[in-house]
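What follows is a set of notes on a single structure, which appears directly below.
Numbering (this note's numbering), first residue to last: 33 to 350.
Below is the structure:
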């Protein structure tokens, strides 16, 4: 831990050189405010098709790619994806999908340990100026308490900081990503426990967000607490909630509220959903580039990606 604190002090002395959070804001490596307006892309399951789709995603104006990944993936391929995102001037956010809905603290810590293997640290640190690390996708079920969530993530964050990571760590809510209560109750405590004070909280909005009033109320509560937060995934009201996720989320309220509060967002997902959830495909799965109705809403809507996204200034002025 002494080595970690010395590393932190050294980083602060020479300027961050990586993403940081300050209050409710995310700052890039140059200390400039950055609002994530990007896309989830299923690299873990679709290999070359997802890689080629990066060019089309860049054309929407997306400024961030949430790289859906798994521990079984090859490091060389992950590095190729990260490098391509940077070439296209989109911020890469790596996330691990292995423990979705899992409740074991040990399994969550195992995700942090995957990031922390020396050869992986050496690879990822090369890109730390541009990189965000989403420790685990949707770890935690609907019964998980705020205290258990906090204690488990304290342990996971400690593993990653001890490995030498300085950049912003992205932490999902429990309840399959949808329970914002632990953020509102314990989010600041988690941030304060991090030697870097550099945590970005990510809530997902599907079936648990069936009320526009809840969307506005809870996001405003997070803002009042000055919590750094994004809506890392969200869907919409498909067939009046008659769908696999029971989702009646009002995406227009999500988009407008994020815009009003200065919070980022990332709709789910470019494509790659199974038949039961194909309504969430942003583009037609037959060609991976033609916008669906959902895609047109989140890309071309009033508060959509094209209107809202601004390139991260770490890549230079747009």
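Yeah, the Cβ is synthetic: ideal placement off N, Cα and C, and Gly gets one too.
- Contact between residue 72 and residue 85 is absent: CB atoms are separated by about 11 angstroms, not below the 8 angstroms threshold.
- Taking the CA atoms as reference points, residue 211 sits about 10 angstroms from residue 250.
- Just so you know, the alpha carbons of residue 308 and residue 232 end up roughly 31 angstroms apart.
- Here residue 296 is bridged, per DSSP, to 262.
- Contact between the region 233–249 and the region 267–280 is present: three or more C-beta pairs spanning the two stretches fall below 8 angstroms.
- Contact holds between the region 168–180 and the region 128–137, because three or more Cβ pairs, one in each stretch, are under 8 angstroms apart.
- Contact between the region 148–166 and the region 180–188 is absent, with fewer than three C-beta pairs closer than 8 angstroms.
- By the 16-neighbour rule on beta-carbons within 10 angstroms, residue 322 is exposed.
- A Cβ-Cβ distance of about 7 angstroms is found for the pair residue 298 and residue 68, placing them in contact under the 8 angstroms criterion.
- Within the region 52–133, complete alpha helix (DSSP H) segments of at least 4 residues are found at 75–91 and 107–119, given in chain order.
- If you draw a straight line from the Cα of residue 335 to the Cα of residue 48, it is about 31 angstroms long.
- DSSP links residue 237 through a beta bridge to 266.
- With respect to the 9 angstroms criterion, residue 153 and residue 129 are not classified as neighbours on the basis of their beta carbons.
- Secondary structure in the region 163–196: the beta strand (DSSP E) runs of 3 residues or longer, each lying completely within the stretch, are 164–166 in chain order.
- Counted as a single uninterrupted DSSP element, the stretch harbouring residue 313 is not any alpha helix (DSSP H), since DSSP gives it neither H nor E.
- In the three-state scheme derived from DSSP, where H, G and I count as helix and E and B as strand, residue 224 is classed as helix.
- Classified as exposed, residue 306 has fewer than 16 neighbouring CB atoms from the shown chains inside 10 Å of its CB.
- If you look at residue 202, you'll find it in the beta strand (DSSP E) that goes 201–204.
- Nearest to residue 282 by alpha-carbon distance, out of 114, 216, 248 and 51, is 248.
- Here the alpha carbon of residue 60 sits roughly 30 angstroms from the alpha carbon of residue 78.
- A buried status is given to residue 127, since no fewer than 16 other beta-carbon atoms sit within 10 Å of its beta-carbon.
- Boundaries of the alpha helix (DSSP H) harbouring residue 338: 337–340, taken from the DSSP string.
- Within the DSSP secondary-structure output, residue 323 pairs in a beta bridge with 315.
- Excluding its 5 nearest sequence neighbours in each direction, residue 223 has C-beta neighbours in its own chain below 7 angstroms: 229 and 231, listed in chain order.
- Residue 290 places its beta carbon 9 angstroms or farther from that of residue 66.
- Judged by beta-carbon spacing, residue 325 lies beyond the 9 angstroms limit of residue 286, meaning their Cβ atoms are not closer than that value.
- In the displayed model, residue 216 falls within a helix according to three-state DSSP.
- Annotation: the continuous alpha helix (DSSP H) that includes residue 138 extends over 137–147.
- Assigned with DSSP and collapsed to three states, residue 232 falls in strand.
- The C-alpha of residue 328 lies about 20 angstroms from the C-alpha of residue 275.
- With 16 or more other Cβ atoms from the protein chains shown falling within 10 Å of its own Cβ, residue 168 counts as buried.
- Residue state for residue 245 is assigned as helix, using DSSP reduced to three classes.
- Classified as exposed, residue 91 has fewer than 16 neighbouring CB atoms from the shown chains inside 10 Å of its CB.
- In the structure shown, residue 307 adopts helical secondary structure according to DSSP, grouped into three states.
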